[in-house]
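**Student:**
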Amino acid sequence: MSIPSSFLTLAKVSKSYPNDVNALQGISVHIKAPEIIGIIGRNGSGKSTLLQLLAGHTKPTEGNITILGQPANRQATTFKQKTSYISQHMALDGDMTGRETLHLFTTLYKLPRHQRQTQLKHLQQAFDLFGFLDRPVKTYSGGQKQKLHLAIGMLHQPELMLLDEPTSALDQQARQQLWQYLHEAHNVGACVLIVSHDLQAVQRHCSRVWMLDKGRLIVDKSVTELDQKKFNSILHIYCYENMESCISLIFKLQQIEEIANVELLKHNVQIEFNRPLSAQQKNRHMQSVIEIFNEAKVLFKQAQWDEADLASMYQHLTGSPLDAGGNKKQGKGRGGGKRG
Amino acid sequence: MSLYLDIFNVLFLRSWTKTLRRPVQLTFSLVQPLMWMLFFGFLFHRYNLDSLPANISYLDFLAPGVCVMTILFGASQSGIELIRDMQSRFLMRLLDAPVHPMMILIGKLSADVVRLMLQAAVVLLLALLLGAQLNIDSSTLWIMLSGMFAFAFALCSLSCLIALLAKSQESMATFVHMVNMPLFFTSTALVPGRQMPEWLAAISEVNPLSQVVNANRAALLGFGSDTMLYSLMPVMVLAVLLFASCVFIFTRFRMEN
Chain A
112 MSIPSSFLTL
122 AKVSKSYPND
132 VNALQGISVH
142 IKAPEIIGII
152 GRNGSGKSTL
162 LQLLAGHTKP
172 TEGNITILGQ
182 PANRQATTFK
192 QKTSYISQHM
202 ALDGDMTGRE
212 TLHLFTTLYK
222 LPRHQRQTQL
232 KHLQQAFDLF
242 GFLDRPVKTY
252 SGGQKQKLHL
262 AIGMLHQPEL
272 MLLDEPTSAL
282 DQQARQQLWQ
292 YLHEAHNVGA
302 CVLIVSHDLQ
312 AVQRHCSRVW
322 MLDKGRLIVD
332 KSVTELDQKK
342 FNSILHIYCY
352 ENMESCISLI
362 FKLQQIEEIA
372 NVELLKHNVQ
382 IEFNRPLSAQ
392 QKNRHMQSVI
402 EIFNEAKVLF
412 KQAQWDEADL
422 ASMYQHLTGS
432 PLDAGGNKKQ
442 GKGRGGGKRG
Chain B
26 MSLYLDIFNV
36 LFLRSWTKTL
46 RRPVQLTFSL
56 VQPLMWMLFF
66 GFLFHRYNLD
76 SLPANISYLD
86 FLAPGVCVMT
96 ILFGASQSGI
106 ELIRDMQSRF
116 LMRLLDAPVH
126 PMMILIGKLS
136 ADVVRLMLQA
146 AVVLLLALLL
156 GAQLNIDSST
166 LWIMLSGMFA
176 FAFALCSLSC
186 LIALLAKSQE
196 SMATFVHMVN
206 MPLFFTSTAL
216 VPGRQMPEWL
226 AAISEVNPLS
236 QVVNANRAAL
246 LGFGSDTMLY
256 SLMPVMVLAV
266 LLFASCVFIF
276 TRFRMEN
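Order-wise, the sequence lines are chains A and B. Heads up: the first sequence at position 233 corresponds to 344 in the working numbering, and the numbers run straight through without jumps. Heads up: the second sequence at position 252 corresponds to 277 in the working numbering, and the numbers run straight through without jumps.
1. Count the other CB atoms, across all protein chains shown, that sit within 10 Å of the CB of B:N160; report buried if there are 16 or more and exposed otherwise.
2. Expressed to the nearest angstrom, what Euclidean distance is found between the alpha-carbon atoms of A:F362 and A:S318?
3. Please report the distance separating the alpha-carbon of B:L141 from that of B:F98.
4. Listing by chain order, which chain B residues have their CB less than 9 Å from the CB of A:Y220?
5. Quick check on the burial criterion: 16 or more other C-beta atoms within 10 angstroms. Buried or exposed for A:I358?
6. Can you give me the Cβ contacts of A:L179 inside the same chain, cut-off strictly under 7 Å, excluding the 5 residues immediately before and after it?
7. By the 10 Å Cβ neighbour count, where 16 or more other Cβ atoms means buried, how is B:W61 classified, buried or exposed?
8. Anything in chain B within Cβ reach of A:K170, meaning under 8 Å, just list it in chain order.
9. Out of A:G152, A:L421, A:S139 and A:I382, state which residue places its alpha-carbon closest to the alpha-carbon of A:I403.
10. Starting from B:S256, trace the alpha helix (DSSP H) both ways and give me its first and last residue.
11. Does the segment 144-158 of chain B come close enough to the segment 216-223 of chain A to have 3 or more Cβ pairs within less than 8 Å?
12. Straight-line CA distance for A:I263 to A:T212?
13. Which residues of chain A have a Cβ atom closer than 9 Å to the Cβ of B:I6, listed in chain order?
14. What beta strand (DSSP E) runs, 3 residues minimum, are completely inside the segment 108-135 of chain B?
15. Give the secondary structure of A:M272 by DSSP, where H, G and I count as helix, E and B as strand, and everything else as coil.
16. Of all the CB atoms in chain A, is at least one closer than 8 Å to the CB of B:T213?
17. On a CA-only basis, which of A:A144, A:H141, A:M397 and A:K170 is nearest A:L135? Give me that one, please.
18. Cβ atoms of A:A280 and B:R118: under 8 Å apart, would you say?
19. Please work out which residues of its chain come closer than 8 Å, Cβ to Cβ, to A:R185, disregarding the five sequence neighbours upstream and downstream, and give them in chain order.
20. Could you have a look at A:I361 and say whether DSSP puts it in helix, strand or coil?
21. So what does DSSP say about B:I274, is it helix, strand or coil?
22. Please report how far the alpha carbon of B:F64 lies from the alpha carbon of B:S270, in whole angstroms.
23. So, helix, strand or coil for A:E295, using DSSP?
24. Would A:A202 pass as an interface residue toward chain B - the criterion being a Cβ-Cβ separation below 8 Å?
25. In this structure, does DSSP put B:V139 in helix, strand or coil?
26. Going by CA-CA distance only, name the one from A:S431, A:A285, A:R153 and A:I305 that's closest to A:Q257.
27. Could you say if the segment 315-331 of chain A and the segment 387-398 of chain A meet the contact criterion of at least three C-beta pairs nearer than 8 Å?
28. On the DSSP bridge assignment, give the partners of A:T250 in chain order.
29. Is it a yes or a no for the segment 123-143 of chain B touching the segment 208-225 of chain B, going by three-plus beta-carbon pairs under 8 Å?
30. Starting from A:T188, find everything on chain B with Cβ-Cβ shorter than 8 Å and list it in chain order.
31. Does A:Q192 get closer than 8 Å to chain B when you measure Cβ to Cβ?
32. So what does DSSP say about A:A81, is it helix, strand or coil?
33. In terms of alpha-carbon separation, which member of B:N34, B:T42, B:M258 and B:E195 lies closest to A:R204?
34. Can you find the residues in the same chain that come closer than 8 Å, C-beta to C-beta, to A:T208, ignoring five residues on each side of it along the sequence?
35. Expressed to the nearest angstrom, what Euclidean distance is found between the alpha-carbon atoms of B:M197 and B:A188?
36. Taking the beta carbon of A:H308 as the centre, do at least 16 other beta carbons fall within 10 Å, making it buried, or is it exposed?
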């Protein structure tokens with residue numbers, strides 16, 4: 112795969128719909144080198160609209176989009192051959208088998224005959240399509256359908272991949288296989304844009320992160336830059352009883368070194384430390400906190416570190432949390448004693 | 026060239042595979058013509074066909090008409106399949122491939138036309154089993170087949186055109202009934218034009234179904250001639266026009282979706 116001089120350029124791109132709905136506002140970005148870009152944001156923040164614009168499925172109300180040196184034109188043959196848009200909707204034909212579907216698209220994407228079988232075998236291996244490819248698609252599980260859906264999108268080896276929440280129906284192993292495939296594609300020069308709510312995976316696998324809020328691009332930074340900009344660690348203790356009146360607990364907790372602030376909420380005690388903590392420090396502080404709760408005989412359900420940096424950053428920048436699964440890491444399990 | 030053939034093959038085979046995986050649908054598509062031949066054939070077997078030779082029974086007369094009727098009613102399936110593809114968004118996926126929409130349409134329509142021609146052939150065999158006396162004129166058989174092919178192509182194109190505009194099976198079913206029933210009852214499929222009221226005979230003369238039925242009847246009852254080809258010209262022109270309109274709407278559909 113020859114690496115293009117520029118993958119995509121968005122110049123002051125806006126997209127609005129009737130009834131004054133501004134899906135995207137003034138987005139400007141330029142991607143020169145192949146990267147794996149994670150796009151995150153709340154529901155309705157414009158992530159899918161952005162991918163649809165890049166895929167040429169819809170046109171911007173204002174601004175210009177250039178993909179691989181050409182204006183984004185979904186009808187152009189070269190555009191179709193070099194890009195792939197994998198939407199959230201699994202567009203499959205239930206009457207056909209997976210193998211027939213893949214064979215159909217290897218032909219429609221004009222892969223040379225000698226390459227078709229090789230590519231099918233490669234995809235079969237990469238997405239673990241064994242054991243079900245010869246059954247009609249209507250008999251597949253959600254995960255099997257998603258794997259086939261992804262494999263179809265990859266079979267023409269696109270230079271630009273646009274993936275909209277591709278891991279939603281996949282199990283952990285399949286997610287790993289997808290990320291591995293994306294890394295391999297990236298290593299041979301493909302650029303990947305992926306919308307995901309799995310912040311840990313985005314942080315681990317992407318080279319760049321775009322954060323969207325209310326149609327605006329609020330962050331466009333490399334993961335290395337983001338790693339240097341960590342936020343104070345926060346520990347949440349979820350309790351059975353109303354904690355708002357347990358003032359004595361605040362004094363005891365504040366004796367622990369490095370605690371900056373303790374907030375008593377209805378069934379939650381929020382403990383903010385004065386800096387980002389390492390895993391070891393977190394364990395040590397968790398033990399101290401649990402001891403205080405046990406001494407005070409306060410029953411609690413769960414202790415969680417709010418440690419996903421992307422989520423913290425998003426909340427810090429937008430003032431409201433990124434309502435997404437997979438952004439919290441559980442610390443200790445159940446514990447505690449009776450309240451005296 | 027071989028690449029285009031490959032593309033045609035995969036699209037053609039896809040339609041056929043889907044048809045064969047729905048055997049109930051295929052079987053029932055043959056039940057309706059069989060019932061027409063059974064009920065109408067025996068109900069009107071004493072009907073006096075005064076414009077035709079005395080040795081031709083009503084069943085002999087009806088069989089070529091029902092054969093074309095099978096194409097008329099079976100063609101709506103073409104559009105229904107397209108709507109299914111639209112609803113599963115598989116059609117959009119096909120249109121995202123670097124292939125001209127016309128290629129996709131040609132592959133699909135060709136499979137549908139071949140299916141309809143085979144269904145018509147099965148109906149003809151059923152007619153023979155029911156006792157129809159057909160005197161096939163081999164010299165004009167190719168003209169009959171050309172007429173049926175053009176008619177099937179025209180109707181499948183129309184069916185897809187309606188599907189692309191209606192986008193739902195319910196709207197399409199309504200439209201198909203509105204087109205098919207008048208087309209069928211104002212044709213010479215059931216009654217010779219000379220035995221129709223004048224106004225109906227005038228309509229039947231310009232009805233493309235009549236033109237194909239008449240050519241069929243001539244070839245299958247042994248009084249065909251080479252001039253039949255000229256009478257089928259309007260059907261062929263209609264097929265080209267409907268196919269071109271379908272390609273136009275299909276291309277527009279791709280741009281909008």
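Beta carbons: idealized from backbone N, C-alpha and C, even for Gly.
**Tutor:** This is what the structure holds:
1. exposed
2. 43 Å
3. 10 Å
4. A122, P123 and V124
5. exposed
6. P115, F118, K193, E270 and L271
7. buried
8. By Cβ distance, chain B contributes nothing, its closest Cβ being about 11 Å from A:K170, past 8 Å.
9. A:I382
10. M253 to S256
11. no
12. 8 Å
13. Given that chain B is displayed from residue 26 to residue 282, the structure contains no residue 6 of chain B and the question cannot be resolved.
14. none
15. strand
16. no
17. A:K170
18. no
19. A166, G167, H168 and K191
20. helix
21. helix
22. 38 Å
23. helix
24. yes
25. helix
26. A:A285
27. no
28. According to DSSP, which records beta bridges pairwise, A:T250 is partnered with nothing at all.
29. no
30. P123
31. yes
32. Absent from the model: residue 81 of chain A. The displayed extent of chain A is 112 to 451, so no value can be given.
33. Going by the sequence as given, residue 204 of chain A is Asp instead of Arg. Out of B:N34, B:T42, B:M258 and B:E195, B:T42 has the C-alpha closest to the C-alpha of A:D204.
34. L244, D245, R246, P247 and V248
35. 6 Å
36. buried
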